[in-house]
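So the structure is just underneath, and the comments pick up after that.
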Amino acid sequence: MTEKIRTRYAPSPTGYLHLGGLRTALYNWLFARSMGGEFVIRVEDTDRARHVDASVDQILQSMKLVGMDWDAEPVFQSERHDLYMRHFEMLREKGLVYPAFETMEELEAMRQTAMAEKRPAVYSRAARDLPWDEAKAKIAEGIPHVWRFKTPLEGETVVNDMLMGGDECRFANAQIGDFAITRPHNKGEELQFLYNYVVTVDDADMGITHVIRGVEHLGNAAKQLLLYKAWDYTPPKFLHLPLILKNGKKMSKRDTDTDGRFPVSVTERHELGYVPSAIANYIALLGWTAADDNELMTLDDLREKFSLDRLGRSNANFDEDKFLHINAWHIRHMDEGQLLSEVKPFLEKSGYAPDAPWLKKAVHLVKERCNLLAEFPDALSYFYHAPETYEEKAVEKFFKSEISDDVLETTSGRLSALDDFSEDKIEALLKQTVEDMGLKFGKFGPVLRLALTGRMQSPGLAEVMVVLGADESVKRLQAAREYIQRHNLSSAAA
Ligand code: GLU
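Just so you know, the numbering used here puts the end of the sequence shown at 824, numbered straight through with nothing missing.
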């Protein structure tokens, strides 16, 4: 029987979900989903000092935003103390942990000496063989201490990583040292366990079969393997992901501070106008390629195509241009109802009504021109109100001409008489008018475009007019005529 895959994402609630964290979460989720397995969330909230209250919600919201889901209620480490204590008793019974009483200053001095003597900068194991009676007496006296794990003195621990390989996965036990499994403990306090300890207990207890996470945890995997062994648990398979580089440096949360245009938080990217499906698409490509080399994928495509054996070992480069390009593709290809709901908050922010009856049609017309959701309010502005100004260069080129007034007068007159204001009919009317006036469309069209939208570029004239309606279209053509007359533009050209 093949084992049921179970993966997890284990965020520390120290802030928002950043794009690097999203990649980890996404790969775990995609792997589980593509294998018919389960995906769960564990909130690593034992470090109260670094805890940010709103961040659990924010992280979960960001995951939901890109379309991820999970198979059980999130587990919180802060609620699992009893489980950790039971495991602690097991290690004590086996004589695999011991209390060590050195102060921070003493530890630092030991570290300095070790480094000066070119020995591994790990704990000296000074307290490892302290007789239990003595240790007990010190504890009873209330001397602060941490509990350490007895790492074998010799040999090595090898992480059989599914992606990494070679020397970087071999850890001499002497280098690992007797690592602390608790924070410094004062009399009367509850024991507080550290990361490697709780992660191992939790992954074993939660039946996690595959641990996919950043390469910075490769060394931790060695410590975790020692703990699995101590409890006689079968370890999961580990897969450590290479770094994400931006401009040649490890991408970090600080990148946002140095350049506000490129936030690393998932929510802020969304607020900037990146569509959730594009965020998932681009982030999935930071270390993974599809077998068919296609790079433009919806979340469903990703689920279908994802497999661990297509992950790469080299660091991934975060490329803003590519991200933007992928975003533009999603804007153009996503379901239009969904696009509309993504665009609405941006319109509201700009003071435009998000419920205009013609909005879906207008969004359809301008979507080819928008690379970011945030570009929609501007692209749609002339549907909301008549142009307040006309592009200066275009005025010079198209309004300042002996034909502009005539073009506007003739066309608006004919449009007012049109009984069926449909795209086809308008199209035919424009064609006929150009012909009757003996003009080229390249001279005729831009005058109307400028009058209707204030711009040199826009979707097709007939399409724009249908959205604006007959009255508004005619009104705009007449307003442009008045503008031309007021500024003597036709005669200026003559
Ligand atoms: N809470 C850890 C982190 O955010 C999780 C590491 C792990 O997946 O084991 O880095």
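Beta carbons are placed, not taken as given, at the ideal position from N, Cα and C, and that holds for glycine.
Here methionine 415 is exposed: its Cβ has fewer than 16 other Cβ atoms, across all protein chains shown, within 10 Å.
Using a Cβ-Cβ distance cut-off of 8 angstroms, the stretch 700-720 and the stretch 635-642 are not in contact, since fewer than three pairs of beta carbons, one from each stretch, lie closer than that value. Every unbroken stretch of the alpha helix (DSSP H) spanning 4 or more residues and falling wholly within the stretch 726-767 is given here in chain order: 734-746 and 753-767. Assigned with DSSP and collapsed to three states, arginine 785 falls in coil, not helix or strand. Taking phenylalanine 523 as reference, the option from Arg478, Leu556, Ala502 and Arg500 with the minimal CA-CA separation is Arg478. A direct Cα-to-Cα measurement between threonine 539 and histidine 381 gives close to 28 angstroms.
When the beta-carbon positions are compared, proline 429 and alanine 465 come within less than 8 angstroms of each other. Rounded to the nearest whole angstrom, the CA to CA distance from glycine 518 to serine 454 is 27 angstroms.
In this structure, the beta-carbon distance from valine 489 to alanine 552 falls below 8 angstroms. Nearest to aspartate 750 by alpha-carbon distance, out of His600, Met795 and Phe653, is Met795. Excluding five sequence positions before and after isoleucine 574, the CB atoms of its chain that fall closer than 6 angstroms to its own CB belong to Gly350, Met581, Leu616, Ala646 and Phe648, given in chain order.
Bounds of any beta strand (DSSP E) do not take in glutamate 419; it lies within the alpha helix (DSSP H) bounded by 411-423. For the stretch 530-599, the full-length alpha helix (DSSP H) segments reaching 4 residues or more read 548-560 and 585-588 along the chain. By the Cβ neighbour-count rule, tryptophan 618 is buried, with 16 or more other Cβ atoms within 10 Å of its own. Straight through space, the alpha carbons of glutamate 678 and lysine 690 are spaced by roughly 15 angstroms. Closest in alpha carbon position to valine 529, among Asp491, Val405 and Pro606, is Val405. Below 8 angstroms, too few C-beta pairs join the stretch 761-771 and the stretch 704-711 to call them touching: fewer than three. Here the distance from the Cβ of arginine 543 to the nearest heavy atom of the ligand GLU is below 7 angstroms.
Here the distance from the Cβ of serine 711 to the nearest heavy atom of the ligand GLU is not below 7 angstroms. With at least 16 other beta carbons inside 10 angstroms of its own, leucine 352 counts as buried.
If the five residues before and after threonine 783 are omitted, its C-beta is found closer than 7 angstroms to the C-beta atoms of Tyr712, Pro717 and Val794, all from its own chain and listed in chain order. Between the C-alpha atoms of phenylalanine 592 and glutamate 650 there is a straight-line separation of about 8 angstroms. If only uninterrupted alpha helix (DSSP H) runs of at least 4 residues are considered, those enclosed by the stretch 605-691 are 606-614, 629-635, 650-663 and 666-679. A Cβ-Cβ contact shorter than 8 angstroms links leucine 807 with threonine 741. When C-alpha distances from histidine 655 are compared across Phe636, Glu625, Asn516 and Ser680, the shortest belongs to Glu625. Isoleucine 371 has Tyr339 as its beta-bridge partners, per DSSP.
The alpha-carbon of glycine 485 is positioned some 19 angstroms away from that of glycine 425.
Taking 7 angstroms as the cut-off, one finds no heavy atom of the ligand GLU near enough to the beta carbon of proline 566. If you check the CB distance, aspartate 401 and valine 370 come in under 8 angstroms.
The criterion of a C-beta distance shorter than 8 angstroms is not satisfied by leucine 493 and leucine 548. Counted as a single uninterrupted DSSP element, the stretch harbouring tyrosine 428 is not any alpha helix (DSSP H) but the beta strand (DSSP E) occupying residues 427-430. Shown here for methionine 445: same chain residues with a beta carbon closer than 7 angstroms to its own, the five before and five after excluded, namely Ala451 in chain order. Across the set Gly790, Leu437 and Gly743, the C-alpha of Gly790 shows the shortest separation from the C-alpha of aspartate 754. Contact between tyrosine 604 and asparagine 657 is confirmed by a C-beta separation of about 5 angstroms, below the 8 angstroms threshold. Annotation for phenylalanine 501: the continuous beta strand (DSSP E) segment containing it runs 500-502. Shown here for phenylalanine 774: same chain residues with a beta carbon closer than 6 angstroms to its own, the five before and five after excluded, namely Val737 and Val764 in chain order.
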